[in-house]
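Student: Positions -23 to -1, 1 to 167 (mature numbering (1 follows the signal peptide of the UniProt record, and there is no 0)) are the ones given, in order, by the sequence shown. Cβ atoms here follow ideal geometry from the backbone N, Cα and C, with glycine treated the same way.
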Amino acid sequence: MRSGALILLLSAFFLTLSGCNLAGGSNHEEKVDYEETKKMVMDIIKSEDGKKAFQEVLKDPKIREQFVLDDPLVTNTIQTNLTSDKSKTFWQKNLSDPKFASTYAKSLKSEHEKLLKDLMKDPAYQKQIISLMQDPQLSSSYLKVLQSQQYRDTVQKVMLETMDSPLFKAKMQDTIIKAAEEMPASKAKK
């Protein structure tokens, strides 16, 4: 199927070239041959086989990378499709896939960071965050989480892992050595 589509596209291309590149003859004959070739190529492109050939070509990632997404038609299509019911199920399905969700999040990371930084400067947004943080139900929920055994186990696990870290051990050793060196100096001053 793929090779058939490629052959169809190549033949349409060569027919177009041969129609445009006649050597000799009158201008009228060239004009007629060009028009006939153009009509034939357009018929091929509009046929089911032609459409299938273009669909095959568009499946190639290298070809798709060359298309510019700033085209108003593409923008309009995306906006229309984002609001459809089909797109809602598409996004629900694909965002549940960790690999897709990760790639999608990484591609929008800088825009999200900029949006959050802009929101932090907005007084209305700041007021909403403050009122949310002061909500008694939220404070109660935080307190329940912080007092839970699961949270305590997690914190203990993290602390033990941190203390076993060679980097942490080296920093602690340096801190203890500095404190030991400073101790005789502070006793001598007294």
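(1) Just how far apart, CA to CA, sit Lys70 and Tyr11?
(2) Leaving aside the five residues before and after Gly1 along the sequence, list all residues of the same chain whose C-beta is less than 6 Å from its C-beta, in chain order.
(3) Would you mind reading off the limits of the alpha helix (DSSP H) that contains Asp116?
(4) Considering Thr60, what are the terminal residues of the alpha helix (DSSP H) in which it resides?
(5) Use the C-beta contact count for Ala30: other C-beta atoms within 10 angstroms, 16 or more gives buried, fewer gives exposed.
(6) Mind checking whether Leu123 and Leu115 have CB atoms under 8 Å apart?
(7) Which residues bound the alpha helix (DSSP H) around Ser73?
(8) Quick test of your reading: Phe145 and Thr152, contact by CB under 8 Å. State the CB separation rounded to the nearest angstrom.
(9) Go ahead and pull the three-state DSSP assignment for residue 207.
Tutor: Taking the coordinates as given:
(1) Going by the C-alpha atoms only, they are around 49 Å apart.
(2) Low confidence applies to Gly1: its pLDDT is 49, below 50, so where it sits in the model is not reliable, and the reading given next is rough at best. Here the set comprises nothing.
(3) Residue 116 is actually Ser in this sequence, not Asp. In the DSSP assignment, Ser116 falls within the alpha helix (DSSP H) that extends over Pro113 to Gln124.
(4) Where Thr60 is concerned, there is no enclosing alpha helix (DSSP H), because DSSP gives it neither an H nor an E.
(5) Counting of Cβ neighbours within 10 angstroms places Ala30 among the buried residues, the total reaching 16 or more.
(6) Their beta carbons are not under 8 Å apart, which means Leu123 does not touch Leu115 by this criterion.
(7) Unbroken run through Ser73: none, as it is neither H nor E.
(8) The distance from the Cβ of Phe145 to that of Thr152 is about 10 Å, inconsistent with a contact at the 8 Å cut-off.
(9) Outside the shown range of the chain, which is -23 to 167, sits residue 207, and nothing can be said about it.
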